[in-house]
Every structure is written in structure tokens, then in C-alpha cells.
Amino acid sequence: MYKKCIEGNPFVKAELSTIDNRTENFPIPVCYNRFLDRYDYSRDSWFVFCHEDFELREDISALLDSWDRNSLHGVVGGVRKGFCGFGMQRVYGNMTETNRVGEAEWNPAVKIKSPVEVEAFDCCCLVVHSSLVAKHHLRFDPNLLFDLYVEDFCAAAKVGYGIRSIVEPVECCHHSGSRATERLYRHLPYLKRKYPKNCFVGTIVYFGTPSWQKRIQDCVMKLFGKDD
């Protein structure tokens, strides 16, 4: 998948920093933080953290000049749409998904023509400028192992420094076809303790501490047998 989606992809016009984690199997945040700790920040660069099965289908190198260096950028993300603390999850982005052998392809999100601010991205792709990382010493949380580490990166940046997360209208595909695992849900109590006054939504789950409005909404949805 790496050779197909990254190394051999004609739309990837970047210096590659490959992480082969098959032997050590370190948590992905640990691997990403090692890269950030070793980088020479005198070199201005855009960092694209992505999975080996994430495929760009257009060249974003020309687009980067127009992207805000003081924001985080992604290709798919979640946000609550509503008012007064009530709202339903909406997922935005032009990324499609397929299974590992490409037998089916679908779009899990609302397609967009212009950037949309969201609460958190999916882990498959995060784009951040080196100057923003250096300014705030941004890092991934190693407690999150293999799930929700990008969602948390967005949340921590927002709570700590008021940094926005922007989904860009980029044509791309994630060859995972996966569903949320029990491992992902085991992280939620930790994130509730980490964000006692904030609640966020990504592309899969809410995380943090729900507001009283969210708790009421959950009770109503359960009463009518519906999921938010």
C-alpha cells in the first residue's frame, strides 16, 4: 500500500520521511513525535502526517501557498451543526474510502468546494506547518497508541492555543475500509479526563466531557432509538 499510495504516487511531490514500524510496533504518536523532535526547524516546511494507505489524487504542492500556516489542515473531519450547544455530527471532505483491494469505493462525508472549519480530523491525514509546531511545541499524545491521536492533536491545539482545524477540498482516497475497534473506545475515558470542560467530535466518535446539552440530547436520541 505504501508503494502504491505514497512512494509510487505521481501526485506526491515531497521529501518522504518513511516510518517502517513493523518490527518495533511503537504507538504512532511516538513515531510522529520522534520525527518532530529531530526536525531542523530552520527549514520551513509543511508536514503531511498520513497512513501508508492514504492516496492523494491531486497535487497539493501548489495549493499549500494559499493555506493558513497558523491553522491545522486535513481532508476529512467532523463538526456539530446546531445551536445553543445542541447539534448533530456532520462529516465534511472530498476523501473517498475503499477496502484494501479496491473492490468498492464510497464517500463517507459531505463533499465540499471550499475549506470548512471542523472540530477534529480523521487520523489518516494531518497537514501542519513547521513554524506552528515550533511556535507552540505541538506534539502527539503517546497515550493514544493507534487511535484518536490526530483528533486529540486538533483538540489540544484548539484548547491550548486557539488553533483552528480546516478541512480542505482535496481529492484523495483512504484504502482502509475499516470500522472503529474496541481499542478506539478504550481511549475515551482517558480523553474525558484530559478535557474535563470540553467536548469534541471527529469523524467517528465524540470525545472529551459532554456538555449538559449533549447529555440531554443523548438521552432523547436513546429514547427514540436513534444514534447521534
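Counting in my numbering, the sequence shown tops out at residue 248, every number present. Note that CB positions come from ideal geometry on N, CA and C, so glycine has one too. Quick caveat: nothing in here was measured; it's all calculated off a predicted structure.
V221 places its beta carbon 8 Å or farther from that of L208. Burial is judged here by how many other beta carbons sit within 10 angstroms of a residue's own beta carbon; Y112 has at least 16 and is buried. Taking N114 as reference, the option from E123, L204, G102, S134 with the minimal CA-CA separation is S134. Note on V130: under 16 other CB atoms within 10 angstroms of its CB, so exposed under the neighbour-count rule.
In the DSSP assignment, Y59 falls outside any alpha helix (DSSP H) and carries neither an H nor an E.
A check of alpha carbon separations from R110 across E123, R100, K217, E139 identifies R100 as the nearest. When rounded, the separation of the alpha-carbon atoms in C25 and F74 is 6 Å. According to the DSSP assignment, Y181 belongs to the alpha helix (DSSP H) that extends over 169 to 181. L92 and K155 have their C-alpha atoms spaced approximately 13 Å apart. Inter-segment contact for the stretch 36 to 48 and the stretch 157 to 167 is present: three or more beta-carbon pairs are separated by less than 8 Å. In its chain, beyond the 5 residues on either side, F69, F160 have a beta carbon closer than 7 Å to the beta carbon of Y52. When DSSP assignments are scanned along the stretch 182 to 238, the uninterrupted stretches of alpha helix (DSSP H) that are 4 or more residues long and fall wholly within it turn out to be 202 to 205, 208 to 214. In summary, T116 is buried, with 16 or more beta-carbon neighbours lying within 10 Å of its beta-carbon over all protein chains present.
Relative to A176, the option among C239, K214, D40, V190 whose CA is nearest is K214. Setting aside the 5 residues that flank it on each side, N29 is surrounded in the same chain by E75, L76, each with a C-beta closer than 8 Å to its C-beta; the list follows chain order. Bounds of any alpha helix (DSSP H) do not take in H71, whose DSSP letter is neither H nor E.
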